[in-house]
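Residue numbers (our numbering): 7 to 262.
Ideal Cβ placement from N, Cα and C applies to all residues, glycine included.
Remember, it's a predicted structure, so these values are computed and weren't measured experimentally.
Shown next, in structure tokens, is the structure this report addresses.
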């Protein structure tokens, strides 16, 4: 596993992540950094623009829209502008016990809303509870293909459960967005590991990258001028220890 991470560029085939078909569709963090240098007060607008880029260039297929990890409701409200209806799953009492994840930076108290649901748009339906207590019951009555899947679960175990449980509904054209895939303390044991294992266990699933966006909204002026570092050996320099969002579209390879 360590060799994989140390040589991720050489082993990208093992992850079933291919190079984008249209290189212009990969918007690296360099573009965002330049915009923030011009106007560092536009974080909300740039966050919205990230999703505008995704859905203007890639029309979502028919199906259900799902978000796992709602917290304040900011992201799901933005996504709801593009969907007829979207479902958001969250305990609203923080994270589950992360002892099964080799992470030291997440705690159960993180993202604790004390059970209070955030204010959301009318076409947003919130489902309160742990993923493993709510998702399968939800699918009993909502078994349509997944159009857009936003994974903001933070923990490996949660992301892996979501991917495995939704596997039969992930089809050609499903858009999958990871809120923090790489470039934060412990990222090797987080959502990236869940994606890696899912691809290894299901080689017919190909994840083609559409967009990459570093959370430059969290930077201050001093951060913006620091040298960048290519932590993942992909040839794309990312800021170390800042969560990087990655958007993929699924292409299922024929097993015949």
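In this structure residue 165 is not in contact with residue 210, their Cβ atoms being roughly 20 angstroms apart against a cut-off of 8 angstroms. Every beta strand (DSSP E) stretch that sits fully inside the region 158-202 and reaches 3 residues is listed by chain position as 181-188. In terms of Cβ geometry, residue 157 and residue 193 do not form a close pair [threshold 7 angstroms]. Note that the C-beta distance between residue 256 and residue 180 is below 7 angstroms. If you draw a straight line from the Cα of residue 145 to the Cα of residue 206, it is about 25 angstroms long. A distance of 7 angstroms or more separates the beta carbons of residue 151 and residue 94. Proximity to residue 215 across 201, 252 and 186 peaks at 252, based on C-alpha coordinates. Taking a C-beta distance under 7 angstroms as the contact criterion, residue 167 and residue 138 qualify as a contact pair. Checking the DSSP bridge columns, you'll see residue 215 partnered with 254. Rounded to whole angstroms, the separation of the alpha carbons of residue 202 and residue 91 is 30 angstroms.
Listed in chain order, the non-local C-beta contacts of residue 71 below 6 angstroms within the same chain comprise 89, 92, 153 and 154, local neighbours out to five positions each way being set aside.
Under the 10 Å beta carbon count, residue 62 is surrounded by fewer than 16 other beta carbons and is classified as exposed.
Collapsing the DSSP output to three states places residue 56 in a helix. In the structure shown, residue 259 adopts coil according to DSSP, grouped into three states. Listed in chain order, the non-local C-beta contacts of residue 199 below 6 angstroms within the same chain comprise 162, local neighbours out to five positions each way being set aside. Straight through space, the alpha carbons of residue 97 and residue 86 are spaced by roughly 20 angstroms. Per the coordinates, the alpha-carbon of residue 217 lies some 7 angstroms from the alpha-carbon of residue 60. When the Cα atoms are used, residue 54 and residue 80 turn out to be separated by approximately 10 angstroms. Assigned with DSSP and collapsed to three states, residue 131 falls in strand. In the displayed model, residue 123 falls within coil according to three-state DSSP, outside both helix and strand. Counting along the chain, no alpha helix (DSSP H) covers residue 73; the unbroken beta strand (DSSP E) around it starts and ends at 70-74.
Note on geometry: alpha-carbon atoms of residue 176 and residue 122 lie some 31 angstroms from one another. By the CB criterion at 7 angstroms, residue 178 and residue 258 fall inside the cutoff. Of the other Cβ atoms in all chains shown, 16 or more fall within 10 Å of the Cβ of residue 159; this residue is therefore buried.
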